[in-house]
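In our numbering, the protein residues as written are 34 to 584. We put the beta carbon where it would ideally sit given N, CA and C, even for glycine. Predicted, not measured: the structure shown is a model, and the values here were computed from it. Right, one structure below, let's go through it.
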């Protein structure tokens, strides 16, 4: 209770200070460090039961803080989930979806025309009101055209890339993905920042770690509160690790990547202690979506007991590992069964800074401070969207599927399998099956693998439906979707160097995720055919600035 009282006190003082009232000894708000992994599964950490037990630092972080077994992404795919984290809103509200097909996944490939709209208020923009300096390290993935640059949406610093590390490409039909320091391109993946696909060797995690450590040291020396968004992507296929970690895991190359991440988290937490700012730094670890079973076992992780993986709205696609750490405030060794969502990090971070969420828009994120400080539980639904379609909803222990779908029969017959070895008749369907009139309902406590739907004749089923139905109806009636940002792709907006643009053509070619680009779009990509409205004349770099070689 002392921690709760202290937190309440500094939040009150921050409010008074923001109101222009002089407050003697007003405390500095806590630093905020969000560690977002890429395609890491619920079952990848020892504390969640991974049998190799190769994550001692993350396991210790959980032992010293609070573990969330029931924490969710806002989408089963990377870009929409990241948009949700930074806006506190479901991706359908911010426009991070496509209308090119029913229940169709979409993200931000090189060809995407859209991105995060200016109308959206991102977390770092709002944290400036409380004096925070903000940095993103790693993958942005919310659009790469100049208006979508992270420094135009509140971040003060950036080291990383606008896209994932797919490649290598030939720089003729398609360029390699650039890496930026703030507004300057400092190289590209597979060129100045090599990734050896044969051995899996890359030093990117070490580079990202050093960026984080340096930023923390600088902000501590300047006595400024900071927000660090560490969004690394080593566990996204093609997975990579630096030489000291290669071949050290019982789980193969994916395990090597996890071990290096675990070591990096340990070094970050150790630095916070060495600088005596651990008790003034809130740290949260989670992932953007479930493990990509399509890449497993060599290039993908584990979703533990849950069904399917990335790209699906079954539990394996959206339930995430999650750990909160704040020494002196969060009691050690806690486990909370609060239904949490990645959007909650937006609202919780604002609360930590003594700020209220925007009131001119719907905010879906919940403030988790009462949970982490007092152990309080709040009833709330979890909505599972795939594209523009509400596929399922969880309330309490009950999950109701309004639609079921893994991927198309065509893709499945080509070897694209989002649920390898997990066929559940009538559940993991390869055609889009509607259940809006009689939802498939599972009790996730007894059946976390979603294998045994409740009998529609049972009292339990009817009671669950009476509880869930009005929540779904209220949500859908009030929902105002944002303008879709992920409908259109055009090669004219790819991230070329000046003078290197190939003719604007659309040809069938492999998609890096193992799917096929057919006439300009792919299922899972979301893009329509190029519009032809954008001229094939790129700026010198994606942000319209001069190219700079690696220092």
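Quick one: is residue i buried, meaning 16 or more other Cβ sit within 10 Å of its Cβ, or exposed?
i: residue 496; result: exposed
i: residue 85; result: exposed
i: residue 230; result: exposed
i: residue 518; result: buried
i: residue 409; result: exposed
i: residue 162; result: exposed
i: residue 524; result: buried
i: residue 509; result: exposed
i: residue 62; result: buried
i: residue 320; result: buried
i: residue 286; result: buried
i: residue 28; result: A query on residue 28 cannot be resolved here, the shown segment of the chain reaching from 34 to 584 and no further.
i: residue 486; result: buried
Apart from the five residues on each side of it in sequence, which residues of its chain come closer than 6 Å, Cβ to Cβ, to residue i?
i: residue 78; result: 88, 91 and 354
i: residue 273; result: 228, 233, 235 and 267
i: residue 457; result: 484
i: residue 468; result: 434 and 435
Is residue i helix, strand or coil by DSSP?
i: residue 347; result: coil
i: residue 509; result: helix
i: residue 280; result: coil
i: residue 109; result: coil
i: residue 166; result: strand
i: residue 146; result: coil
i: residue 303; result: helix
i: residue 130; result: coil
i: residue 376; result: coil
i: residue 204; result: coil
i: residue 418; result: strand
i: residue 191; result: strand
i: residue 217; result: strand
i: residue 316; result: strand
i: residue 502; result: helix
i: residue 267; result: coil
i: residue 358; result: strand
i: residue 119; result: helix
i: residue 367; result: strand
i: residue 181; result: helix
i: residue 446; result: helix
i: residue 250; result: helix
i: residue 262; result: strand
i: residue 8; result: Since the first residue shown for the chain is 34 and the last is 584, residue 8 is missing from the structure and cannot be characterised.
i: residue 534; result: Any reading at residue 534 needs caution, since the residue's pLDDT is 30, under 50, leaving its predicted position unreliable; the model's value is listed next. Three-state result, residue 534: coil.
i: residue 298; result: helix
i: residue 231; result: coil
i: residue 338; result: coil
i: residue 516; result: coil
Going along the chain, which residues of its own chain have a beta-carbon closer than 7 Å to the beta-carbon of residue i, five neighbours each way excluded?
i: residue 48; result: In this predicted model, residue 48 has a pLDDT of only 44, less than 50, meaning its place in the structure is not dependable; the value taken from the coordinates is given anyway. These residues qualify, in order along the chain: 387.
i: residue 57; result: Note that residue 57 scores 46 on pLDDT, short of 50, meaning its location in the model is unreliable; the coordinates nonetheless yield the value given after this. So the list is empty, once near-sequence residues are dropped.
i: residue 181; result: 148, 149 and 175
i: residue 391; result: 154
i: residue 454; result: none
i: residue 83; result: 76, 77 and 335
i: residue 437; result: 460, 462, 466, 468 and 473
Within a Cβ cutoff of 8 Å, which residues of the same chain sit near residue i, ignoring the five residues on either side of it in sequence?
i: residue 366; result: 96 and 97
i: residue 442; result: 463 and 464
i: residue 25; result: What is shown of the chain runs 34 to 584, which leaves residue 25 out entirely.
Are the Cβ atoms of residue i and residue j separated by less than 9 Å?
i: residue 483; j: residue 504; result: no
i: residue 422; j: residue 135; result: yes
i: residue 72; j: residue 370; result: no
i: residue 433; j: residue 498; result: yes
i: residue 130; j: residue 113; result: yes
i: residue 172; j: residue 249; result: no
i: residue 75; j: residue 352; result: yes
i: residue 337; j: residue 349; result: yes
i: residue 378; j: residue 100; result: no
i: residue 431; j: residue 327; result: no
i: residue 168; j: residue 260; result: yes
i: residue 402; j: residue 374; result: no
i: residue 187; j: residue 156; result: yes
i: residue 294; j: residue 70; result: yes
i: residue 241; j: residue 315; result: no
i: residue 311; j: residue 270; result: no
i: residue 317; j: residue 381; result: yes
Can you find a CB in chain B that lies within less than 9 Å of the CB of residue i?
i: residue 439; result: This model lacks chain B altogether; it includes just one protein chain.
Enumerated in chain order, which unbroken segments of the beta strand (DSSP E) with a length of 3 residues or greater are wholly contained in the segment 450-483?
Along the length of the segment 450-483, whole beta strand (DSSP E) runs at least 3 residues long occupy 473-476, reported in chain order.
In chain order, each alpha helix (DSSP H) run of at least 4 residues that lies wholly inside the segment 378-416
Segments of the alpha helix (DSSP H) lying fully in the segment 378-416: 402-407.
Which runs of the beta strand (DSSP E) spanning at least 3 residues fall entirely within the segment 63-113, listed in chain order?
DSSP assignment within the segment 63-113 yields the following whole beta strand (DSSP E) runs of 3 residues or more, N-terminal first: 64-70.
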